[in-house]
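Heads up, the thing below is written out as C-alpha cells.
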Amino acid sequence: MHSRHFPLLLSALIGATAFAGAPGKVPLAVEYPKPLFAGTPRPISLSNLEPAGVKRPDIMVSAESKLLSRGKKVTSSDSLPVIGELSFITDGDKTGIDGAYVELGPNTQWVQVDLGASAKIDAVAAWHFHSQARVYHDVVVQISDDPEFKKGVKTIFNNDDDNSSKLGKGGDKAYVETNHGRVLPAEGASGRYVRLYSNGNTSDELNHYCEIEVFGIAK
Amino acid sequence: MLGARRVGTDKSQAVAYRWAVPPAFLRCLPLALLAAAALWLRTHELARRPMHADEANQGVKTGELVEAGRYAFDPRDHHGPTLYYLGAAVAALRGQASLTTLDEKTLRLVPALAGALAVPLLVILARRREPGGPGLSEPAALAAGAFLALAPAAVYYSRYFIQETLLATGALAVAVALRCWWGSGLTRWAVAAGAGLGLMQATKASTPLFVAAAAIAFLLTRAAARPASPRPGLDLLAGVGAATVTAALLYSSFGKHWAGLPDALSVYLHAVLRFGAEAPPTGHEKPWGYYLHLLGWSRAGGLLWHQAALSALALAGLAIAARRRDPLLRGFAVYGLVILAAFSAFPYKTPWHAIHFAAPAALLAGLALDALARRRAGPVLAAAAALLVGLSLWQQTRLVAFLRPADGRNPWAYVHSSSDVLKFRPLAEAARAARPGEPIRVISEEYWPLPWYLRGLPGVGYWTEAPPDCEGALVIASIAQAEAVRARLRRPTRESFVGLRPGFLCVVFHPEP
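Here the protein sequences line up with chains L and P, keeping their order.
Numbers given in this note's numbering equal positions in the first sequence, counted from 1, plus 230.
Numbers given in this note's numbering equal positions in the second sequence, counted from 1, plus 236.
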C-alpha cells in the first residue's frame, strides 16, 4: 500500500469505529437553505469541495443535542457593520439573499456567539455567503468560556495555512461556500462562547455571515 | 498679480490700503479651483484599486513600448495607439524605462489628467461669451463643471487605464475648438479641432459615431447662423488634413509601422465580424435600458447605487433646451440624446461607455440651474439644488471610486479583478526564492491581470490547458484545470485558493518543502 493512503485509511477506520461504537448517537439534523447558485459556470471538481446540492457526510451527535444559538447575542470585532446587523447571524434566516447577511469590514474580523451559559458543544455550522462561488480565507472557529478568548480556548477548525491571521497555523482545508455552508464537529467541547474568524474572501476583502448555528447540550 | 494699492486719503492724510486683485485672476480662480478639485478626485490613491484585466493587458502593451520602443497597432483585439503613447510619455516623465518599473500610478495618470482636463473644457464650452449669446451664465457653467468633476462614471473611469476617458475628453476638446473657430474664423482653431479629431480616431475606432452624433446635432439646431470664417471650406479642409495627419502618425507608429494605416481601416471589418448579426455572442450583450438603469438607481447586496439627482436635473435641462432658442445648448442636448440612443441600441454594452453621457448630463443640469436662477428667489433655489446634486454625486463617487472600487456589486466595476489578485506576486516571489531553478506556471483559460502582476519575474509561463509537465515552484490553476494539474503533479503539494475575480477562483499548488 502506498504510504500516502495510510492516513486516509486510518481516518476511515476511526470514523467507522466511532460510528459503530457510539450508542445514542444520531446524525446531526441541519436545515439547509436553497442553493443560490449551482456551481460556477465551469465544472468544479476538487478533493475538498462538496458538489452543489450534495450533502456532506453526517456528523454524529448525541440524541439530546439541540440548537443552542438561535436568537443568542452576537458581538464582533466590527461592532457597526455597514450592511446588515449582527443579530442576523442567529436569526434563523440562512437564505443568503440581500438583507439576510451581515457584512463586516476588511482584514481579519471575528464574530462571537454568546450561548448564555456554558454548554457541551457537538457541532458548529456556518454560512458565510452562498450566492457566489467564493472561498473565505483564514477561517478559524474557537470555543471558550472566556469572552476574551485568552484562556481555555479550543480550536475546532483552522485553515489559516500561513498564520496570516496570527492565531496559529492551521491544517484544515479551505472550501468553496455553498448553501450547505460548513458543519464542523466540536466533539463535545465545553464553552459558552463560539468565535469565528475570517480574513476576507476570494471575491473581495470583506467578511460575511448569513447564519451560525451551534448544536450541543446545555449544562 | 496681487498687490497693495493706495486707494485714498482722508483729511488727516492717513493712507489706506486694500488688496487689489486683477479681474482676470478673479474670473479664472473658480475654474482653477474646480479643475484642482477634479484633479485630486482623479489622482488620489490612484494605485489602490487592483488592476482590471483590460488595464493589465494595456499596461503590458505600454510596457513593451516603454522598454523596447516597439508598438504595432493590432486591429483585432486592441483599440488605437494614443493610450499607449501617452502612457509611455508619462512613464518617461516619471523615470520608468521598463515594464518592471512601470506602475499603476503612471498608467492611470493618463486618463486621470484627461478626465481632469474635461472639467475646464466643459466650462469653457458651456459659458456664455457675450450678453445674450449662446451658452450658460458663469455660475451655471461652473455648476456644470462641478457636476462633471463629481460624476461617478467620470471619476471612476478617469482612474482606469482604458481609452474611454481620452475619447470623451477629446470630444469636448474638439467641441471647444470648433466653437472658437465658429466665433473667430481663425484657421488655427479648425486645425486644432482636426488634430483633436485625429487623436480621437487614434484612440478608438468608435469615433465616427461621435462625429455622426455631432453632425446630426449641428444639422438639427444650427438655424441660420454662419461661421465667422470667410473661407469655411478651406478651413474644413485644413481640419480634415490635421485629423488625417495626426491619426496617420499614431497608427503608423510615427512612421515605423506603415501597415498600421490599412489596419486602422480594417478594424471596421473586424468589428462587423465580431459584432455583426451573424457573430456569436460576446457575453457583453445587455438590454436596451442598461444605461438608463446606470443613470437612475439600483440596489445590490444592500448597497444603493444612483445618479438619479443629476439625471433628474438633466431631464429638466433637456425640456428647457427644447424651448430655448440657443443652438449651442440645443445642439449639445441633441448630441447627448443621439449618443445615448446609439449606445442603447447597440447590444454590446459596457458601463464605461456611460462616461460619454456625463458631460451632456452635467451641461443640461447646468442649464436647468441657469433657468431656475432667472426666477424670483431663483438664485437661492438654484444654489440649493446645485448643492444637493453635488452632495449626492460626492456620496456616490466616494462609494464607487474610493470605498468599494473593486466590489462586485459596484455597477461601474465591471468583471473586475478581486483584491485577492494582489496576493499572487508575493506568492510567486516567495516561490522563486525557495526554488530559483523552477518555473512558475499559470494554467488557466483566463489569466489576466496576472501577466501584469507577475511582470519582470523570470520563468513565468502561461498555459490555457494543463501541459504534460505541471511541476513548478508555484502552480496557479483555474478551478477547471485544477484536477488535471493535480493528476500530473508528482511531488506532494499544499493547496490554497486565491480569487482572480468574483466567481472565478484559482487553486494555487505549493510544493511541500
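We treat Cβ as the ideally placed atom computed from N, Cα and C, and that holds for glycine.
As the structure is a computational prediction, the values presented were derived from the model and not from experiment.
Residue closest to residue i, alpha-carbon to alpha-carbon, out of the options
i	options	result
Q332/P	A352/P, A308/P and A304/P	A304/P
P672/P	L639/P, G708/P, P523/P and K659/P	G708/P
N429/L	A347/L, R364/L and V291/L	R364/L
V343/L	T325/L, N431/L, N337/L and D321/L	D321/L
L455/P	V616/P, E719/P, Q543/P and V574/P	V574/P
N389/L	F379/L, G398/L, D376/L and V369/L	V369/L
A667/P	R611/P, G695/P, P563/P and Q632/P	G695/P
I289/L	A355/L, N337/L, S307/L and I447/L	A355/L
T457/P	R535/P, A569/P and V636/P	A569/P
S433/L	L736/P, P641/P, L422/P and G299/P	L736/P
H529/P	F511/P, A376/P and P587/P	P587/P
V678/P	A670/P, T700/P, L663/P and L658/P	T700/P
A380/P	L639/P, A595/P and C742/P	A595/P
Three-state secondary structure assigned by DSSP to residue i
i	result
S420/P	helix
Y253/P	Note that Y253/P scores 47 on pLDDT, short of 50, meaning its location in the model is unreliable; the coordinates nonetheless yield the value given after this. Three-state DSSP puts Y253/P in a strand.
Q362/L	coil
R737/P	strand
W684/P	coil
K324/L	coil
I289/L	coil
C264/P	helix
R272/L	Low per-residue confidence applies at R272/L: pLDDT is 40, beneath 50, and the placement is therefore not dependable, though the value from the model is reported in the following sentence. It is coil, neither helix nor strand.
Y423/L	strand
Q632/P	helix
V743/P	strand
N278/L	Low confidence applies here, because N278/L scores a pLDDT of 44, under 50, leaving its location unreliable and the question unanswered by this model.
L347/P	It is Pro, not Leu, that sits at residue 347/P in the sequence shown. In this structure, P347/P counts as helix in the three-state DSSP scheme.
R730/P	strand
G283/L	Confidence is the limiting factor: at G283/L the pLDDT is only 48, short of 50, which leaves the residue's position unreliable, though a coordinate-based value still follows. Residue state, collapsed to three classes: coil.
G316/P	coil
A536/P	strand
L402/P	helix
Y584/P	strand
H542/P	strand
H438/L	strand
T305/L	strand
F490/P	coil
K218/P	Beyond the ends of chain P as shown, which are 237 and 749, falls residue 218/P; an answer cannot be given.
T432/L	coil
Integer-rounded CB distance, given that residue j should sit under 8 Å from residue i
i	j	result
A793/P	V410/P	A question about residue 793/P goes unanswered here, because the residues of chain P that appear run from 237 up to 749.
L372/P	R364/P	6 Å
L267/P	L378/P	7 Å
L565/P	P388/P	With a Cβ gap of about 24 Å, L565/P and P388/P do not count as contacting.
S394/P	R278/P	4 Å
Chain-ordered chain L contacts of residue i [CB-CB under 7 Å]
i	result
V734/P	T432
D656/P	T432
Within chain L, partners of residue i - CB distance below 9 Å
i	result
S420/P	Result: empty, since nearest Cβ-Cβ is about 52 Å, beyond 9 Å.
A642/P	D434 and E435
Proximal residues of chain P, C-beta to C-beta of residue i below 8 Å
i	result
D391/L	R730 and S732
Q362/L	G644, P738 and G739
D328/L	R535, A536, G537 and G538
E441/L	What E441/L touches in chain P: nothing, since even the nearest Cβ is about 16 Å away.
CB contact check: residue i to chain C, cutoff 8 Å
i	result
V365/L	Included in the structure are the protein chains L and P, with no chain C among them.
Within chain P, partners of residue i - CB distance below 9 Å
i	result
D368/L	By Cβ distance, chain P contributes nothing, its closest Cβ being about 10 Å from D368/L, past 9 Å.
E261/L	None at all; the shortest Cβ gap to chain P is about 24 Å.
E417/L	Those do not exist, as E417/L stays about 25 Å from chain P at its closest Cβ, beyond 9 Å.
Residue i: contacting residues in chain L (beta-carbon distance under 8 Å)
i	result
L539/P	I313
Chain P residues whose Cβ lies nearer than 7 Å to that of residue i
i	result
A356/L	Result: empty, since nearest Cβ-Cβ is about 17 Å, beyond 7 Å.
A404/L	S732 and F733
L407/L	Residue 407/L is actually Glu in this sequence, not Leu. Ordered by position in chain P, no residue passes the 7 Å Cβ test against E407/L, which lies about 11 Å from the chain.
Give a yes or no on contact between the region 395-408 of chain P and the region 427-443 of chain P, applying the rule of three or more CB pairs nearer than 8 Å.
yes
Does the region 488-508 of chain P come into contact with the region 284-299 of chain P, if we say contact requires no fewer than three beta-carbon pairs (one atom in each stretch) closer than 8 Å?
no
Report yes or no: do three or more beta-carbon pairs, one from the region 696-714 of chain P and one from the region 329-341 of chain L, lie closer than 8 Å?
no
Would you be able to state if there are at least three C-beta pairs under 8 Å between the region 431-447 of chain L and the region 311-328 of chain L?
yes
Segment contact, 8 Å Cβ cut-off, at least three pairs: the region 565-584 of chain P with the region 437-456 of chain P:
yes
Do the region 343-363 of chain P and the region 542-558 of chain P meet, that is, are 3 or more Cβ pairs less than 8 Å apart?
no
Taking 8 Å as the threshold, find out whether the region 382-399 of chain P comes into contact with the region 337-350 of chain P through three or more Cβ pairs.
yes
Touching or not, the region 524-540 of chain P and the region 496-515 of chain P, by the rule of three or more beta carbon pairs under 8 Å?
no
Using a Cβ distance threshold of 8 Å, determine whether the region 654-667 of chain P contacts the region 304-321 of chain P, with at least three qualifying pairs required.
no
How do the region 614-626 of chain P and the region 395-412 of chain L stand: do at least 3 beta-carbon pairs fall below 8 Å, yes or no?
no
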